[in-house]
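Student: Just so you know, the protein sequences line up as chains F and W, in that order. If you're matching positions, the first sequence starts at 17 in this note's numbering and goes up one per residue. If you're matching positions, the second sequence starts at 912 in this note's numbering and goes up one per residue. Glycine included, C-beta positions come from ideal geometry on N, C-alpha and C. Computed from a predicted model, the values in this text were never measured in an experiment.
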Amino acid sequence: MRETTEVFCGGRPLPFSLNRKKALKAEFEKAALPHLSHLYTAAYYLIKDKSEAEDLVQETYLRAFRFFHKFRPGTNCRAWLLSIFRNLFINRYREKQREPGLVDWEKIDRAYESMVTRHEGAGENNPESLFFSRLMDHEVEQALKELPEEFRTAIILVDIEELSYDDAAKVLDCPIGTIRSRLSRGRRMLQLALKEYALKRGIIKK
Amino acid sequence: MKARKEVTKVLDCQEYKEIIAAHVDGYLSFEEGLEVQSHIERCPNCAQKFLWETRVSNAFRGKLTPILASRALRERVLEQLEEPPKQGIFAWSYLPQGLVVAFALLLMVGVSYVTWRAEAKDDLFADAIAQYRTLAQGMAEARQPTPALTASARVLDLSPWGYALLAKQTRQLKDREGQIFIYQGPNKEYLLAQEFDGADFPPTSDARALQASSRQFVVYGQADVNLIAWKEKNILCLIAGNLPQEKLLGLAQQIAARG
Chain F
17 MRETTEVFCG GRPLPFSLNR KKALKAEFEK AALPHLSHLY TAAYYLIKDK
67 SEAEDLVQET YLRAFRFFHK FRPGTNCRAW LLSIFRNLFI NRYREKQREP
117 GLVDWEKIDR AYESMVTRHE GAGENNPESL FFSRLMDHEV EQALKELPEE
167 FRTAIILVDI EELSYDDAAK VLDCPIGTIR SRLSRGRRML QLALKEYALK
217 RGIIKK
Chain W
912 MKARKEVTKV LDCQEYKEII AAHVDGYLSF EEGLEVQSHI ERCPNCAQKF
962 LWETRVSNAF RGKLTPILAS RALRERVLEQ LEEPPKQGIF AWSYLPQGLV
1012 VAFALLLMVG VSYVTWRAEA KDDLFADAIA QYRTLAQGMA EARQPTPALT
1062 ASARVLDLSP WGYALLAKQT RQLKDREGQI FIYQGPNKEY LLAQEFDGAD
1112 FPPTSDARAL QASSRQFVVY GQADVNLIAW KEKNILCLIA GNLPQEKLLG
1162 LAQQIAARG
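1. Report the partner residues of isoleucine 1139/W according to the DSSP bridge assignment.
2. Does the separation of the CB atoms of leucine 206/F and leucine 160/F fall below 8 Å?
3. For valine 988/W, decide whether its Cβ has a neighbour in chain F, counting only Cβ atoms nearer than 8 Å.
4. Cα separation between leucine 55/F and proline 1155/W?
5. Answer yes or no: does any C-beta atom of chain W fall closer than 8 Å to that of aspartate 65/F?
6. Are there three or more Cβ pairs, one per stretch, closer than 8 Å when the region 55-67 of chain F is compared with the region 86-102 of chain F?
7. Can you tell me whether DSSP reads glycine 202/F as helix, strand or coil?
8. What are the boundary residues of the beta strand (DSSP E) that includes aspartate 1108/W?
9. Are the Cβ atoms of tyrosine 213/F and glutamate 122/F separated by less than 8 Å?
10. Note down, in chain order, all residues in the region 937-953 of chain W with a beta-carbon under 7 Å from any beta-carbon belonging to chain F.
11. Alpha carbon to alpha carbon, what distance is there between arginine 198/F and glutamate 166/F?
12. Less than 8 Å between CB atoms is the rule here; does valine 967/W satisfy it with respect to chain F?
13. Taking the beta strand (DSSP E) that alanine 980/W falls in, what are its first and last residues?
14. Check whether chain F comes within 8 Å of arginine 1065/W, counting only Cβ atoms and requiring the distance to be less than that.
15. For alanine 1120/W, which of helix, strand or coil comes out of DSSP?
16. Closest to tyrosine 1101/W by CA distance: which of Gly1073/W, Ala1118/W, Lys974/W is it?
17. If you reduce the DSSP assignment to three classes, tell me which class isoleucine 1093/W lands in.
18. Just checking my contact of leucine 1077/W with isoleucine 1091/W at CB under 8 Å: how many whole Å lie between their CB atoms?
19. Curious, which full-length alpha helix (DSSP H) runs of at least 4 residues does the region 49-73 of chain F contain?
20. When the cut-off is 8 Å and only beta carbons count, does lysine 974/W lie next to chain F?
21. Please state the DSSP three-state secondary structure of glutamate 162/F.
22. Does glutamate 862/W get closer than 8 Å to chain F when you measure Cβ to Cβ?
23. Residues in the same chain with beta-carbon distance under 6 Å from glutamine 1080/W, minus the five sequence neighbours each way, listed in chain order, please.
24. Please report the distance separating the alpha-carbon of leucine 78/F from that of lysine 960/W.
25. Any beta-carbon of chain W closer than 8 Å to the one on threonine 57/F?
26. What is the DSSP secondary structure of lysine 1079/W, counted as helix, strand or coil?
27. How is the alpha helix (DSSP H) around aspartate 936/W delimited, first residue to last?
28. Smallest Cα separation from serine 1123/W: which of Ala1134/W, Asp1108/W, Ala958/W, Gln1164/W?
29. Measure the alpha-carbon distance for lysine 46/F versus leucine 989/W and round it to whole angstroms.
30. Threonine 169/F and leucine 188/F: beta carbons closer than 8 Å?
31. Excluding the 5 residues preceding and the 5 following lysine 64/F in the sequence, name in chain order all residues of the same chain whose CB lies nearer than 6 Å to its CB.
32. Quick check on glutamate 177/F: does DSSP put it in helix, strand or coil?
33. Taking alanine 1118/W as the reference, which of Leu1138/W, Arg1044/W, Ile931/W, Leu984/W has the closest Cα?
34. What are the boundary residues of the alpha helix (DSSP H) that includes valine 947/W?
35. Buried or exposed, going by whether 16 or more other CB atoms sit within 10 Å of the CB of lysine 72/F?
36. Enumerate in chain order the residues of its own chain whose CB-to-CB distance from threonine 20/F is below 7 Å, with the five nearest sequence positions on each side excluded.
Here is the structure:
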């Protein structure tokens, strides 16, 4: 629909623009587009397929634009976009998702304790204790992709997307304590997975 | 407060371990941080974990960074924004096939108000409500007396009902030209009136068709804004405002009765 004349009032232009859609688009671009790479990153780590991740990000932006009137200026736009993305992701991939397998926390905790004792005890100057920083980026990415989805999501939101715990809890619609727990456990699992990579690469010894 | 409770109760090392990561991230309250710090000072095991998590956190920084979205994705996203946002079920592409078939059957039995062949971007009802919101908001923000205009509406002259015309605008829908009028009523409420030449009712399953005073009216609403549309000779008339549907319908009937 095209506007052909300006609104006027008593012969004077009104003090607001009627070109609503154009203004809305500009406002949306300014608020939402800077987060495109962040949305893509979350999608990529969750979906693990570049093309599908791009499709879902595109759909997220389309939906966000459609519901932009619901976005409250001054709140975290990245968190808002990630909430929309999260809903789309759940709807599309719910069927494909496997039931999360049972996690043996006792085993993980024991392995974690052992790793901390050994490497933290080795001292800061021991190269073995710095094995995380010697791993390749793609190895860290791969280890992250292999985490169960709920822990992976918490790490993506807080460690990559740099959301506060509060915003991450809003995106996942869960209590903040759940975020703390998933993050803590997720990081432990990630560290253990990375230790395996470091062992395979010979960065650390058994 | 909930988080505070978690810490003020007597925690064991396992529970502290769960919140050490949050302490490293700086997401504990001041009191919580003090509580954890105090425990760390007393417990060598947790102190070791805290040091470990701090160093791991530093080592990870830079490893997990956002991946740059491709230029192609950026272009795709920008391209789709060029199209005005579709309004849910108004969009043809959102209609399931079954509904399309049902819609075609309705056409065959002569329901005239669903013969609009516009695309979603020409959604007249949603557009009218969006215009109402923008204009009413703008009027409210203007906070200045607005001298009344001389009405030039062919049908929708609401002055006999105590409405003052504040603004008017010409709008183009494909090859048809329409007029928008913004009125202010006796109770300072705003009302949008719109006339379109030769336009039929746009299709939407959200709208209800009503027969009143031997005329067909279409009633539609979005949240707090309602809209009534009807045809007067060859003009599609609609009024929209933050008023109950019955009140708008009553007004529409009176306008229609005047002819």
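Tutor: From the atom records:
1. Looking up residue 1139/W in the second sequence gives position 228. Partner(s): Val1130/W, Ile1150/W.
2. As a first step, residue 206/F is located in the first sequence; it is residue number 190 there, counting from the start. As a first step, residue 160/F is located in the first sequence; it is residue number 144 there, counting from the start. Closer than 8 Å, so yes.
3. What you label residue 988/W is simply residue 77 of the second sequence in a count that begins at 1. Yes, valine 988/W lies at the interface with chain F (some Cβ there is under 8 Å from its Cβ).
4. Position 39 of the first sequence, counted from the start, is the residue given in the question as residue 55/F. Position 244 of the second sequence, counted from the start, is the residue given in the question as residue 1155/W. Cα to Cα, the separation comes out at about 41 Å.
5. Taking the first residue of the first sequence as position 1, residue 65/F is located at position 49. Not an interface residue.
6. yes
7. Within the first sequence, the letter at position 186 stands for residue 202/F. The answer is helix: DSSP assigns glycine 202/F an H, G or I state.
8. Position 197 of the second sequence, counted from the first residue, corresponds to residue 1108/W. From DSSP, the beta strand (DSSP E) with aspartate 1108/W extends over 1101-1108.
9. Taking the first residue of the first sequence as position 1, residue 213/F is located at position 197. Taking the first residue of the first sequence as position 1, residue 122/F is located at position 106. It is not a contact, given that the beta carbons lie outside the stated cut-off.
10. Tyr938
11. Working through the first sequence from its first residue, we reach residue 166/F at position 150. Working through the first sequence from its first residue, we reach residue 198/F at position 182. In a straight line, the C-alpha of glutamate 166/F is about 7 Å away from that of arginine 198/F.
12. Here residue 967/W is taken as the residue at index 56 of the second sequence, counted from 1. Chain F, which has a Cβ nearer than 8 Å to the Cβ of valine 967/W, makes this yes.
13. In the second sequence, counting from the first residue as 1, residue 980/W sits at position 69. First-last for alanine 980/W: undefined, no H or E at that position.
14. Position 154 of the second sequence, counting from 1, holds the residue named residue 1065/W. Judged by the 8 Å Cβ criterion, arginine 1065/W is not in contact with chain F.
15. As a position in the second sequence, residue 1120/W is number 209, starting the count at 1. Three-state DSSP puts alanine 1120/W in a strand.
16. For this step, residue 1101/W is matched to residue 190 along the second sequence. Out of Gly1073/W, Ala1118/W, Lys974/W, Gly1073/W has the C-alpha closest to the C-alpha of tyrosine 1101/W.
17. Working through the second sequence from its first residue, we reach residue 1093/W at position 182. It is a strand residue.
18. Counting from one through the second sequence, the residue named residue 1077/W turns up at place 166. Counting from one through the second sequence, the residue named residue 1091/W turns up at place 180. In fact, because the Cβ distance is near 11 Å, the residues do not count as touching under 8 Å.
19. 52-63
20. Walking along the second sequence from the start, residue 974/W turns up at place 63. Cβ-Cβ to chain F under 8 Å: yes for lysine 974/W.
21. To locate residue 162/F, count along the first sequence from 1; it is residue 146. Correct three-state label for glutamate 162/F: coil.
22. This structure cannot settle anything about residue 862/W, because the visible part of chain W is limited to 912 through 1170.
23. Locating residue 1080/W in the second sequence gives position 169, counting from the first residue. Answer for glutamine 1080/W: Ile1091, listed in chain order.
24. To locate residue 78/F, count along the first sequence from 1; it is residue 62. To locate residue 960/W, count along the second sequence from 1; it is residue 49. Taking the straight line from one Cα to the other gives about 44 Å.
25. Here residue 57/F is taken as the residue at index 41 of the first sequence, counted from 1. Chain W contact via Cβ: present.
26. By 1-based counting over the second sequence, the position of residue 1079/W is 168. Strand, per DSSP.
27. Taking the second sequence and counting its residues from 1, one reaches residue 936/W at position 25. That run of the alpha helix (DSSP H) goes 924-936.
28. Indexing the second sequence from 1 puts residue 1123/W at position 212. Before going on, a small fix: residue 1123/W reads as alanine here, not serine. Answer by Cα proximity: Gln1164/W.
29. Within the first sequence, the letter at position 30 stands for residue 46/F. Within the second sequence, the letter at position 78 stands for residue 989/W. Rounded to whole angstroms, lysine 46/F to leucine 989/W spans 12 Å at the Cα level.
30. Along the first sequence, read from residue 1 onward, the residue named residue 169/F stands at position 153. Along the first sequence, read from residue 1 onward, the residue named residue 188/F stands at position 172. Going by C-beta atoms, threonine 169/F is nearer than 8 Å to leucine 188/F.
31. As a first step, residue 64/F must be located in the first sequence, where it is residue number 48. If we look at lysine 64/F and ignore the five residues flanking it on each side, its Cβ neighbours are Lys161.
32. Here residue 177/F corresponds to residue number 161 of the first sequence, with the count starting at 1. Note: glutamate 177/F maps to coil in three-state DSSP.
33. By one-based count along the second sequence, residue 1118/W stands at place 207. For the residues Leu1138/W, Arg1044/W, Ile931/W, Leu984/W, the minimum Cα distance to alanine 1118/W belongs to Leu1138/W.
34. As a working mapping, residue 947/W is identified with position 36 in the second sequence. Its alpha helix (DSSP H) spans residues 941-953.
35. Locating residue 72/F in the first sequence gives position 56, where the first residue counts as 1. It should be noted that the sequence gives leucine, not lysine, for residue 72/F. Leucine 72/F is buried by the Cβ-count criterion.
36. Working through the first sequence from its first residue, we reach residue 20/F at position 4. In this predicted model, threonine 20/F has a pLDDT of only 34, less than 50, meaning its place in the structure is not dependable enough to derive any value.
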